[in-house]
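Residue numbers (this note's numbering), protein chains in the order written: chain R, 1 to 823; chain S, 1 to 823.
The C-beta atom is built at its ideal place from N, Cα and C for all residues, glycine as well.
Small disclaimer: the values here were computed from a predicted structure and weren't measured.
Number of protein chains: 2
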Amino acid sequence: MSATRAQPGPPEDGAKPSGEGARPQRGGREEPAGGMGTAGRSDTLEPPEPWCLRETGVDRARLGRAESLFALSNGHLGLRGNLDEGEPRVVSGTYLNGFYESYPLDYGERGFGFAEDGQTVVNAPDGKIIRLVVENEPVDVERGTVEHHERELDLRAGVLRRQLRWRSAYGHRIEVRTKRMVSFLQRSVAAIQYEVEALDEPLWVTLQSILVANQDERSGGEDPRSARAIGDVLDPRLAVGGDRRAVLCHATKRTQLSVASGMDHVLDAPGDCRVSLDVEDDLARVTVSTRIEPGTPLRLTKFLAYHWSSRQTVEWLRDQVDASLEAALAEGWDGLADRQKRFLDDWWERADVELDGDPAVQQALRFALFHLIQAGARIEGRAIAAKGQTGTGYDGHAFWDTEAYVLPVLTYLEPRAVRDALEWRWSTLPQARERAAQLDLPGASLPWRTIHGEECSGYWPAGLAALHVNADVADAVRRYVHVTGDEEFERHQGFDLLVETARLWAGVGWFDRVGTFRINGVTGPDEYSALVDNNVFTNLMAKANLVAAAEVARKHADRAAELGVDEDEIATWERAAQAMYVPYDDALLVHPQDQDFTVHDVWDFAATPAEHYPLLLHYPYFQLYRRQVVKQADLVLALWFRGEAFTDEEKRRDFEYYEAITVRDSSLSACAQAVVAAEVGHLDLAWAYLREAALTDIDDLHHNAQGGLHMASLAGAVLSVTNGLGGFRDGDGIPRFRPRLPDPVRRVAFRLTIRGTRLRVELVPGEARYVVEDGEPLTIEHDGERFEVGADVVARPLPEVPDLDPPPFPAGRGPGCLGPAAD
Amino acid sequence: MSATRAQPGPPEDGAKPSGEGARPQRGGREEPAGGMGTAGRSDTLEPPEPWCLRETGVDRARLGRAESLFALSNGHLGLRGNLDEGEPRVVSGTYLNGFYESYPLDYGERGFGFAEDGQTVVNAPDGKIIRLVVENEPVDVERGTVEHHERELDLRAGVLRRQLRWRSAYGHRIEVRTKRMVSFLQRSVAAIQYEVEALDEPLWVTLQSILVANQDERSGGEDPRSARAIGDVLDPRLAVGGDRRAVLCHATKRTQLSVASGMDHVLDAPGDCRVSLDVEDDLARVTVSTRIEPGTPLRLTKFLAYHWSSRQTVEWLRDQVDASLEAALAEGWDGLADRQKRFLDDWWERADVELDGDPAVQQALRFALFHLIQAGARIEGRAIAAKGQTGTGYDGHAFWDTEAYVLPVLTYLEPRAVRDALEWRWSTLPQARERAAQLDLPGASLPWRTIHGEECSGYWPAGLAALHVNADVADAVRRYVHVTGDEEFERHQGFDLLVETARLWAGVGWFDRVGTFRINGVTGPDEYSALVDNNVFTNLMAKANLVAAAEVARKHADRAAELGVDEDEIATWERAAQAMYVPYDDALLVHPQDQDFTVHDVWDFAATPAEHYPLLLHYPYFQLYRRQVVKQADLVLALWFRGEAFTDEEKRRDFEYYEAITVRDSSLSACAQAVVAAEVGHLDLAWAYLREAALTDIDDLHHNAQGGLHMASLAGAVLSVTNGLGGFRDGDGIPRFRPRLPDPVRRVAFRLTIRGTRLRVELVPGEARYVVEDGEPLTIEHDGERFEVGADVVARPLPEVPDLDPPPFPAGRGPGCLGPAAD
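Here it is in structure tokens:
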């Protein structure tokens, strides 16, 4: 908590950085791009606390990660954790779910069916900024001396707090205290409470509360995982203001989406203030100048409201913004904060995961759950993007990760959000049907990556060919319906999704000479292979998809008739599912990831230097694809998602085989490895991977948290507990548990809500305890034993775990290799 | 030969198109893009003549093809067959081999090792243009009335002649007679002789002889086979002129290559002329105005000279241009034309292929040989591009086609050109070694497409992955050395090429558990498959490459030591060659194109409408790659190139199997099918494919001749005769023949020069005749019988041919389907 030194910026306005402030702050720890082992909890992150994430000081080198970690959102409106004064910043972000711009995709050589346009999330007008000038010196963490700087993300309050004690080069001292919130209840509203206090002497201060459009963007360079910079995309349409309120209206250039953004202010000042308002096309600014005495702070509460539409006029949108601002003013900061807290109390009651024995993991799990509800709470017709609303990584696109990782968590905690997310998928079926037709395929082909529903992947072998996304969505539909009993959704949106994806599979695969159903030329989850035949994960997921479609088609005959599904078609789906090819290597006694995988040579891990990870940034796909090297769980994901297709012995052998060649260059991998490691009995590994999944963003293990948080990995951390330690599976209607408790963990507790019943599962050494916290009794299965659980705790001994030797790992890529640096 | 009507252009200068001229000329025959069966010999091409290609009229819809057919070049300098007056035109082209511009390649999503820059042939300053104004009316085939228009490409003279009889809207009649030549002897020089004559009355005429830089380009749109438009690429550096000479100097913007272009003129005028000269940065113009009487034409002889360099200053280049112009003036048109004729006499003596029974094919074969010598005669350190110097198709890049198709012809006819072409490959080894290192491969990785040596493929699955290019180059080296006995080349350039490519294969392939050598994840010749394991063609070509490298490494121990080749490395090459995997389908009793090819489903040809060919313009690679559908001979190419690896029975079965699934969407296919059809005994098919190969460009069977002629197909036509009808193979040192004479052919004769001996092979019904026309006696093999041939004809009966039923074809894609329209 000692005073840290500010990093020098270029002197502006003739201001000189103070002599001491001229030394860089991060102490010479350089972070190599894509390297390994140097990331980790930086000096500025404080030791873990159970219900908050706290940072002191300003780590200039990790500022982007902090912007992601401290992001606030409600699924509809997201604000990155930028500093109040707006700079320094890595990426300034204000995101409205579904508000995007498109741009033409270029290719070295174009081919038929290549995606035509990219889509990228737009940085909406930024209302987070409140600049402060003290005695004519701008407050800036890179000038003067930062005596104390602290930010605290309160996971129960849903508020980001900040405290800054700062001394100007001339010696004036002030303290700034701010709170920031994106309301879960008033979905279009965010609020900031800003207090500034003079510490030693009366000071003249000026606050500039800003709403600015078309902020400078920067490109992510060559890293394919980052976002594309496409310049100013917002055309000004209307700019109005009066008193302390201003509203700006803009429209995107290509997609022609309109947005209205507004701010209003409540001023709580100890004395007279001069207040002025400027309104320009791309800037609105309320300026407050006054003299403050020590002990009597100046407080400004700023309310922000955003509305956007593809159809409404800017006039109407402007009215909505004014209405939202009025409602926010009426409720006030305290009212909003109170309801925010109650919303989260309710969430934590349903969702909390307790883990004793590792405070960092306990914190990380709650951090994960907080960001998951932030990502999903109010999406209402839009997608949950891979980064939620925490950054522009992957251009703000949604991928299969949402259905495969995020929804399996939310289905048991916040099913309304899952229905919303799946309704979004359903709403994109017209584009997906059109895409399928273009590709000469029946049914619908859901996009690999998109915001609005059109395929935006600019690299088809890892986009279009990764058809498993369709089965992943179908699986999420099946799970949602099964867990909630939402028959109405099953009949309508779910039905359409299941049928159209099943049709796709029927068209993609074929019955060979001996009647086996084969799916050739696709790409599975592992992005270090592509265009393979009979990827086991894909085939098994497609099989489940076909079965699920056949079931609903028989169940809802009227809907089947409506979509033209006849008995022949259903029979074909059933026959394809029955005859689905699952390759097996009889020599190695393992399942190959795809038909030819195990007859490829194994990547030379010993010859691969540590700094060459992630491999995709240092080797061509050509070399990766033709070798046995796995970026992320693929066959192991099949062992988890489609466990019914494998014996316990197969699972163990397969898991160990793939451990030796899996490099975890994707954040989607660790949790899957944790879950299957736990199942087959590698408890040390399970724990190591659970930790890795949980700490992915907080410790920036993949060195790209600045682009936004990895929603799937956050969800994966939770799944590592429920599916991994809890051994929870929900395949056949009865929740099944085969719990595991690795050594360092003294207690784990988690909740699942199934058809309205909230079950609590608690694991302590030697024992698993089940109890229904809310709702009707529930039949469950513990290690093969089936029994009913009600309001009384039922305890069972933990199943035996075999004593296994740890499998080999790729040189330098074993568990923990992604952990924080040793320094 | 009747007067044709000009097509209306937009009236300019107040000129009105004549009433009759307002009707379009092509009579309503619309050419659908990529369709089938509507191409063909247009009205304007005259019936075939043995030694020339003649066109009458102007076919506006096929103007681009005519520009390609009538292109002149010497391998160093190329002029497209644009009309003298410059317009109408499709693509104006003046090409200097190796003179190119680069541009950044963009990608929807970039990956490691993706080619960074594209390269494209530059349209050098155009000196072909001579515009004519008659009594203030510009002569233009789209205005007034074209009473007669005729162009004649004289294959023995190496001259393009043109005759235009034209009547202005006002009724003035003139005749223009021009001759154009690109000198084979004066490599930097082209010349045009332009005569204009008044027909009925004295007329005032003005000639404008033009040299113009940065002409308008047009993009080829979405067709991946066409060139990219990158705007004006020539920066002016110097523009000087005096009297009737002007020289312009330019430099390309990115590649910083300098070019000097100049023109000078000899005027032969019946009376006084007013002559003026304009010189601007991008334009030089000599204007001649005079009054001419009927019977006394005005004649202007224009000499053009070009020099370019990456190192020399524009001043020096300008001096070179002046020197070249002086030399051309000194020799004069007649001197240049005389030496041109003698050069070609010599060529035809070595190269002529005679074929009685089909005048169109006879003409096409000579047309092919003429364009092959045009493409190769004076390359001297540069490549032979896929289109030679006839157009900008494929951006002017060289591909494997050159080594696999063009050089196998030229090796026996013009070995000097082959040495030049292979020296160019050798000169790019530094780039290829760097590329290999980038890809984590040993040796050198030659580019899929390039002008300057760097990989320019913007789609890696069909670029980088098509590693067979390396073995194709090695094969051309082996053949050249073998046929010429050029030991000095073998020791140096050939050695380097063979060793570095063998090293690549040793690094790409691997010995599996049982010691088999496998090459995974590559793309073979067939572009409707990609990233396959153990492509038979690739594996067999790599095997030959490894064997050839081992042989030269043992032979030239000093060079081996210099490159660090030790006994272990040689032994590894030999072991890999020995253990090379050649997959075989035991159920179907055929060789799969690659390991998994025959377990894919067969493309649904019956459901594919005719207008969906070529498939690559109507279906995604995703669908093509995962099905049995063959764009172009691949396994069948292996049957031809590596025939020693197959029994006769295997060849027949394989050929027939692939006939059923080969759609010939590539012009590289027909000739290979012709050769193998002849070998296995399908003589009707052999003849049909030979015809198709021969007429590819003249009849525009692939609908893209406007982008330039298909050099590989032109060579393929010749190979269809020598390797197909002649059954010629040169695998083991003794030229072997197994001749076939299909019904329509009454006589075939061709020549091969082998180690200085020119052998003539003549086939007539029932008999093959062999004679040495020049040089020492030669041992040859006829149908397994070995004997010596000298100056006396040795005759042998043609081998028996089995009586085979024709195999099935893909619906609508059998032989002849690409033929001219029935109308």
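For R280(S), the nearest candidate out of H250(S), S289(S) and I130(S) (CA to CA): In the sequence under discussion, the amino acid at residue 280(S) is Glu, which differs from the Arg named in the question. The option with the nearest alpha carbon to E280(S) is H250(S).
C-alpha distance - W316(R) paired with T428(R), whole-angstrom precision: Computed Cα separation, rounded: 26 Å.
Those residues which DSSP pairs with Q824(R) across a bridge: Past the edges of chain R, shown from 1 to 823, lies residue 824(R), and the structure says nothing about it.
Backbone secondary structure at A124(R) - three-state DSSP: A124(R): coil per DSSP, three-state reduction.
Any chain R beta carbon closer than 8 Å to G108(S): Yes, G108(S) counts as interfacial toward chain R.
Within chain S, the residues that L617(R) reaches when beta carbons sit closer than 8 Å: Around L617(R), the beta-carbon contacts reaching into chain S at under 8 Å are F112.
V139(R) versus I174(R), L410(R), N123(R) and E781(R), residue with shortest Cα-Cα distance: Looking at the Cα atoms, I174(R) is the closest of the given residues.
Proximity of A328(R) and F303(R) at Cβ, strictly below 8 Å: In this structure, A328(R) sits near F303(R), with a CB-CB distance shorter than 8 Å.
Nearest-angstrom Cβ-Cβ length linking A694(R) and V409(R), presumed shorter than 8 Å: A694(R) to V409(R), Cβ: 13 Å. No contact.
A33(S) at chain R interface by Cβ criterion, 8 Å: The predicted model places A33(S) with a pLDDT of 34, which falls under 50 and marks its position as unreliable, so this point remains unresolved.
Opening and closing residue of the beta strand (DSSP E) in which I780(R) lies: Taken as a continuous stretch (DSSP letters only), the beta strand (DSSP E) holding I780(R) covers L778 to H782.
Interface positions of the region 180–200 of chain S facing chain R (Cβ-Cβ less than 7 Å), listed along the chain: Taking 7 Å as the upper bound on Cβ-Cβ separation, chain R lies near no residue of the region 180–200 of chain S.
Contact with chain R by Q623(S), beta-carbon distance below 8 Å: Yes, Q623(S) counts as interfacial toward chain R.
Residue interval of the alpha helix (DSSP H) (run including T313(S)): Segment: none, T313(S) is in no alpha helix (DSSP H) and carries neither H nor E.
Any beta strand (DSSP E) of 3 or more consecutive residues that is wholly inside the region 58–137 of chain R: List check, beta strand (DSSP E) in window: 77–79, 94–96, 100–104, 117–121 and 130–134.
N-terminal and C-terminal residue of the alpha helix (DSSP H) that T538(S) is part of: Its alpha helix (DSSP H) spans residues V536 to K555.
For L615(R) and Q25(R), the rounded distance between their alpha carbons: Note on Q25(R): pLDDT 32, under 50, position unreliable in the model; no value is reported.
is_contact[Y600(S), chain R] using C-beta, thresh 8 Å: Sequence inspection shows His at residue 600(S); the Tyr mentioned does not correspond to that position. Residue-level contact check: H600(S) touches chain R, since one or more beta carbons of chain R fall below 8 Å from its beta carbon.
G396(R) (DSSP reduced to helix, strand or coil): Of the three classes helix, strand and coil, the one that applies to G396(R) here is helix, per DSSP.
Where the beta strand (DSSP E) through M181(R) begins and ends: Membership of M181(R) in the beta strand (DSSP E) is indicated by the continuous run R173 to V182.
The region 44–60 of chain R: positions lying closer than 7 Å to chain S by Cβ: Residues passing the 7 Å Cβ filter: none.
Neighbour flag for A115(S) against chain R, beta carbons, 8 Å: Yes, contact with chain R.
L257(R) and S310(R) closer than 8 Å at C-beta: Taking 8 Å as the Cβ cut-off, L257(R) and S310(R) qualify as a contacting pair.
Under 8 Å from the C-beta of W460(S): neighbouring residues of chain R: Within 8 Å Cβ-Cβ: P620, Y621 and F622.
G716(R): first and last residue of the uninterrupted alpha helix (DSSP H) it sits in: Counting along the chain, G716(R) sits inside the alpha helix (DSSP H) bounded by residues M711 to L719.
Test: I292(R) CB closer than 8 Å to a CB of chain S: False, the Cβ-Cβ gap to chain S never drops below 8 Å.
CB of G716(R) within 8 Å of CB of L778(R), strictly: Taking the C-beta atoms as reference points, L778(R) is found no nearer than 8 Å to G716(R).
Best match in D743(S), P744(S), F809(S) and Y306(S) for proximity to F605(S) [C-alpha to C-alpha]: Of D743(S), P744(S), F809(S) and Y306(S), the smallest CA-CA separation from F605(S) is found for F809(S).
Cross-chain neighbours of A606(S) in chain R, by beta carbon under 9 Å: None at all; the shortest Cβ gap to chain R is about 14 Å.
Beta-carbon proximity check, H452(R) vs Y95(R), cutoff 8 Å: Against a cut-off of 8 Å, the Cβ pair of Y95(R) and H452(R) comes out as no contact.
Within-8 Å CB hit, A465(R) to chain S: Yes, A465(R) counts as interfacial toward chain S.
Below-8 Å beta-carbon distance, W510(R) vs any chain S residue: Interface residue, yes.
Cβ-Cβ separation, Q215(S) to S92(S) (assumed contact under 8 Å), whole Å: Contact holds; Cβ gap of about 5 Å.
Straight-line Cα distance separating E567(S) from L498(S): Using only the alpha carbons, I get a separation of about 16 Å.
Contact between the region 526–537 of chain R and the region 619–631 of chain R (3+ Cβ pairs under 8 Å): With three or more CB-CB distances shorter than 8 Å, the region 526–537 of chain R counts as touching the region 619–631 of chain R.
Three-state secondary structure assigned by DSSP to L413(S): Here L413(S) sits in coil by DSSP.
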